[in-house]
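Contents: one structure, followed by commentary.
Below, the structure is given as structure tokens:
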């Protein structure tokens, strides 16, 4: 019974993002305007996420469903760096898929297509969240961790896939041009030769910032949560 509130909050957060990728979004925007939709979506997302965090922290700790071996902490730390790099680059890089007008503008001009971090996937931030969530679910075998991070994992993977479907419906040819140079699944466009990745497309300060963020979060886990994320 103690996990009911956490389940409702986690499911609500994930379901809200699925709604955002559905036709319901277009209907609300048509009737009330895009600003109203974005305001409502942002407020509800924040409410559900805060609710999730509160319930996750308050959940009574019981015996974990499993325990990972000590060497896994090295793997987990590496996955954290990869995920944080994807999230960071996904938000600070120019993404032609963010915003309806930007998508059309960049797709028609053929700019930023299949380059930099977007040569790996057109949803770097979402896949970063997915990797982070999956790693936490494996590392932390508690029931509350499976609910909390499982919600984030489902939101990132399924939500980004549904978002692609919505943009394909709304943008037709413009989206087709973008999709031919990128991929939803990481590395698919690279392996098929549709995209090219050059390390020079990334800036040294971007990687440096990712390292600082990664090291800071490792220390936060150790100092604040008392969780040793490296077997040292």
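Residue numbers (the numbering used here): 13 to 244. Glycine is no exception: its CB is placed at the ideal position from the N, C-alpha and C atoms.
- By the Cβ neighbour-count rule, residue 190 is buried, with 16 or more other Cβ atoms within 10 Å of its own.
- The region 212 to 228 makes contact with the region 92 to 107: 3 or more CB pairs, one atom from each, lie closer than 8 Å.
- If the five residues before and after residue 158 are omitted, its C-beta is found closer than 7 Å to the C-beta atoms of 149, all from its own chain and listed in chain order.
- For the 8 Å CB-CB criterion, residue 25 and residue 151 do not form a contact.
- Rounded to whole angstroms, the separation of the alpha carbons of residue 46 and residue 232 is 38 Å.
- Around residue 169, the same chain offers 142 as residues with beta carbons nearer than 6 Å, after the five sequence neighbours per side are excluded.
- By the C-beta criterion, the region 130 to 140 is judged to be in contact with the region 184 to 199, since at least 3 inter-stretch pairs fall below 8 Å.
- Leaving aside the five residues that flank residue 180 on each side, the residues in its chain whose CB is nearer than 7 Å to its CB run, in chain order, 187.
- In the structure shown, residue 144 adopts helical secondary structure according to DSSP, grouped into three states.
- Comparing alpha carbon positions, the residue from 128, 56, 57 closest to residue 201 is 128.
- Residue range 35 to 44 is occupied by the alpha helix (DSSP H) that includes residue 43.
- Within the same chain, 98, 133, 198 come within 6 Å of residue 139 by CB-CB distance, once the 5 residues on both sides are set aside.
- Residue 162 sits in a helix when the DSSP states are folded into three classes.
- Three or more Cβ pairs closer than 8 Å define a contact, and the region 208 to 216 falls short of that threshold against the region 79 to 87.
- Classified as exposed, residue 44 has fewer than 16 neighbouring CB atoms from the shown chains inside 10 Å of its CB.
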